[in-house]
Amino acid sequence: APLRTASVDESNQEGSTVRSVHEWLDSIRGKAVVIRCDFNVPLDGDVITDDGRIKAALPTLTKLRVAGAKTIVLAHLGRPKGQVNPKYSLSPVAKRLGELLGAEVKLATDVVGESAHSLAAGLAEGQICLVENVRYEPAEESKDEAARAELAAKYAELGELYVSDGFGVVHRKQASVYDIAKLLPAAAGELVAKEVEVLSKLTTEPERPFVVVLGGAKVADKLAVIDNLLKVADTLVIGGGMAYTFLKAKGYEVGASILDDSKVTECVGYLKAAEDAGKQILLPVDVRVASGMDFEARKVIGEVQVVAADQMPVDRQGLDIGPETEALFAETIRGARTVFWNGPMGVAEIPALANGTAAVARAIAEVDGLTVIGGGDSAAIVRDLGYADDRFGWISTGGGASLEYLEGKQLPGLSVLEAEGAQS
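All letters in the sequence shown, in the order written, are residues 3 to 426 by the numbering used here.
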């Protein structure tokens, strides 16, 4: 069925119908299909530590294989900043993708050069190849539209059709995401379609109670999300570093905790707006504090103590929610029918400061309803804690993209699939 994209424009109104790759499956045997995937996976050396994004691409890639397409995959890894850097080679990705597909996936030694063209031209029906990291090309992320368009034209030479299936990059106006979709007949892949379907449900018809859980370090990154979701959510649960700006807004001492002074007044406004609307913004009632963090050594400075949220010592830094808050947050989450979560409750990579995040993950796994993990750190955390993906309704592959979607922003990689000027 055609994909309906809701809440992707500034007014948050329902978007246009865009083509789904399903419409092509009966007619693409022997055709060369260029597909943009998001294979920006974490690595330890050349070992992939979380292959969730690769697995998320398998439904579309498998359907293209079965349909007899010749599939050329575009993807990125890390931030090579327009330079060829072996550290960011997609070689480990090609190997893992081949293992998951049960078929060889050859990797070109360049992006749009002789190797890529030769490999693409040599594909048989049902075969897949991968070109090197598209971010090796300086024009991929360029602000210069002409430079991006020139690179996109080179991508387009590799195939006859384009499929957008990298949700983690649809919020970026990049050559392999946006510009190529204006040059070839373009469609959304299964992953992008599912991401939009799930996130659209959160903003248009969530089953209630609807609880949004937000964490992470920077309150500024989430304020627009709070502004939009206050209209549809029943409760916003706020932890992590961003909670201290809200606690400051309540007049509390927050010691040496992460604080965005420039956003305190806005947070006061959101607390008032929630109260006036009969909504709830739930903040920590106790926190784990210490003298600080040595992030390079990955250790806490001083002893970890639990204090009431309104009694933080001036020389201590809040680093995790406390046990009372864990229980409060968990009770609220378990009572929900719809939950969206993005961001840890503390410095979750340190075991002594991971209790709050683990408690939230555990509670979300117990929810009887739709649970959405909003990509990024949260997706890695639930897997690190040993949860299988199917314990949750949906694990998004795009942390930044999911947040911008929920803000109601226009996402270029989605809007270009709807544009009248795009080929069909």
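Just so you know, even glycine gets a beta-carbon here, dropped at the ideal spot from N, CA and C. In this text, all values refer to a predicted model and were calculated from it rather than measured experimentally.
Exercise for review: Go ahead and pull the three-state DSSP assignment for C39.
Suggested key: coil
Review point. Is A151 helix, strand or coil when you go by DSSP?
Key: Here A151 sits in helix by DSSP.
Review point. Do the segment 226–241 and the segment 203–217 touch if we need at least three Cβ pairs shorter than 8 Å?
Key: yes
Point to revise | Burial state of A390 (16 or more Cβ within 10 Å) | key: By the 10 Å Cβ count, A390 comes out exposed.
Exercise for review: Since I believe E162 is in contact with L186 (beta carbons under 8 Å), could you give me their beta-carbon distance rounded to a whole number of angstroms?
Suggested key: With 8 Å as the limit, L186 and E162 qualify as a contact, their Cβ atoms being about 7 Å apart.
Review point. P82 to V133, Cα distance in whole Å?
Key: 15 Å
Exercise for review: Mark G218 as exposed unless 16 or more other C-beta atoms lie within 10 angstroms of its C-beta, in which case mark it buried.
Suggested key: buried
**Study point:** Counted within 10 angstroms of its Cβ, other Cβ atoms place T51 as buried (16 or more) or exposed
**Key:** Under this definition T51 is an exposed residue.
Exercise for review: Could you tell me how far apart the beta carbons of N135 and L79 are, in whole angstroms, since I believe they sit closer than 8 Å?
Suggested key: 5 Å
Review point. From the DSSP output, which residues share a beta bridge with T237?
Key: Secondary-structure assignment with DSSP links T237 through a beta bridge to V213, Q282.
**Study point:** Within 8 Å, strictly: CB atoms of Y272 and I323
**Key:** no
Exercise for review: Decide if S380 is buried, meaning its Cβ has at least 16 other Cβ atoms within 10 Å, or exposed.
Suggested key: buried
Practice item. Drop a sphere of 10 angstroms on the beta-carbon of E409, count the other beta-carbons inside from all chains shown, and report buried for 16 or more, exposed for fewer. Key: buried
Review point. Can G415 and R174 be called in contact, C-beta distance under 8 Å?
Key: yes
Review point. For G358, which option in L372, G377, E326 has the closest C-alpha, if you only look at C-alpha atoms?
Key: E326
Review point. Which residues does DSSP pair with K108 in a beta bridge?
Key: C131
Practice item. Figure out for me which residue from L121, A155, A195, W343 has the closest Cα to the Cα of L216. Key: Nearest neighbour of L216 by Cα position, chosen from L121, A155, A195, W343, turns out to be W343.
**Study point:** CB of Y157 within 8 Å of CB of A188, strictly
**Key:** no
Review point. What residue from L125, V75, K97 has the CA that sits closest to A31's CA?
Key: It should be noted that the sequence gives Arg, not Ala, for residue 31. Among L125, V75, K97, the Cα nearest to that of R31 is on L125.
Exercise for review: Please name the residue in G371, R364, D370, V369 whose C-alpha comes closest to that of I383.
Suggested key: R364
**Study point:** Assigned secondary structure, N87 (DSSP; H/G/I helix, E/B strand, else coil)
**Key:** coil
Practice item. Report yes if the CB atom of L160 is closer than 8 Å to the CB atom of A190, and no otherwise. Key: no
**Study point:** Nearest to A59 (by Cα), restricted to the options G402, I397, L405
**Key:** I397
Point to revise | Residue range of the unbroken beta strand (DSSP E) whose run includes R290 | key: Segment 288–292, the beta strand (DSSP E) holding R290.
Check your understanding: Where in the segment 173–206 do unbroken runs of the alpha helix (DSSP H), each at least 4 residues long, occur, reported from the N-terminal end onward?
Key -> 192–206
Review point. Do you know offhand how far L321's Cα is from V302's?
Key: Rounded to the nearest angstrom, the two C-alpha atoms are 9 Å apart.
Practice item. Please check the pair L92 and I37, which I expect to be a contact at CB under 8 Å, by giving their CB distance rounded to whole angstroms. Key: With 8 Å as the limit, L92 and I37 do not qualify as a contact, their Cβ atoms being about 14 Å apart.
Exercise for review: Return the bridge partner residues of Q307 from the DSSP annotation.
Suggested key: DSSP, once it has assigned bridges, lists V291 as partnering Q307.
Point to revise | Sequence ranges, beta strand (DSSP E) only - wholly within the segment 338–381, length at least 3 | key: 340–344, 372–375
Exercise for review: Just mark E406 as buried or exposed, buried being the case when its beta carbon has 16 or more other beta carbons within 10 Å.
Suggested key: Around the CB of E406, 16 or more other CB atoms lie within 10 Å, so the residue is classed as buried.
Review point. By Cβ distance, which residues of its chain are closer than 8 Å to T334, with the 5 residues on each side in sequence left out?
Key: V213, T237, V239, L284
Practice item. Give the C-beta separation of L330 and A360 to the nearest angstrom, bearing in mind that I take them to be a contact with Cβ-Cβ under 8 Å. Key: With 8 Å as the limit, L330 and A360 do not qualify as a contact, their Cβ atoms being about 15 Å apart.
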